[in-house]
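When we follow this note's numbering, the leftmost residue of the sequence shown carries the number 59, and every step to the right adds one.
Notes to accompany the following structure.
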Amino acid sequence: MFRKLSVLAVPLAAFLAINAYAGQANPAKAAAQEVVDDYKKLRAMCSVSIGEERRDCFAKLNDSNANYRAAKETLNRDSDDSKSAHFVSFAG
């Protein structure tokens, strides 16, 4: 029972973290980064788990792929916006 609850704790923590970041200056980027970080933690937990716990963990990881992909796109879009800025140099 505890193992199944621990697998469910990560998505719940991600949901709560997303809501906590809602008041920040760039909530979309902060929330996206939190989703990516939580996904990576879950992936690391899955890789060291065994048996049915491992199967359940990877099933949960698979369920969160769409959110992870969307978060990565959000982060990449934000970084692309900053890379496309035009910088003027007045080197003399």
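Cβ atoms here follow ideal geometry from the backbone N, Cα and C, with glycine treated the same way.
What did DSSP end up calling residue i once you bin it into helix, strand or coil?
{"i": "Ser122", "result": "coil"}
{"i": "Asn84", "result": "coil"}
{"i": "Ser107", "result": "coil"}
With a threshold of 8 Å on Cβ separation, who are the neighbours of residue i within its own chain once the five nearest residues in sequence on each side are excluded?
{"i": "Asn134", "result": "none"}
Can you list, in chain order, the residues of its chain with a C-beta nearer than 6 Å to that of residue i? Leave out the 5 residues immediately preceding and following it.
{"i": "Asn125", "result": "Val93"}
Leaving out five residues on either side along the sequence, give the residues of the same chain with a beta carbon under 7 Å from the beta carbon of residue i.
{"i": "Arg112", "result": "Cys104"}
*Are three or more beta carbon pairs between the segment 101-112 and the segment 128-135 nearer than 8 Å?*
Taking a cut-off of 8 Å for Cβ pairs, the segment 101-112 and the segment 128-135 do not touch, as fewer than three such pairs fall below it.
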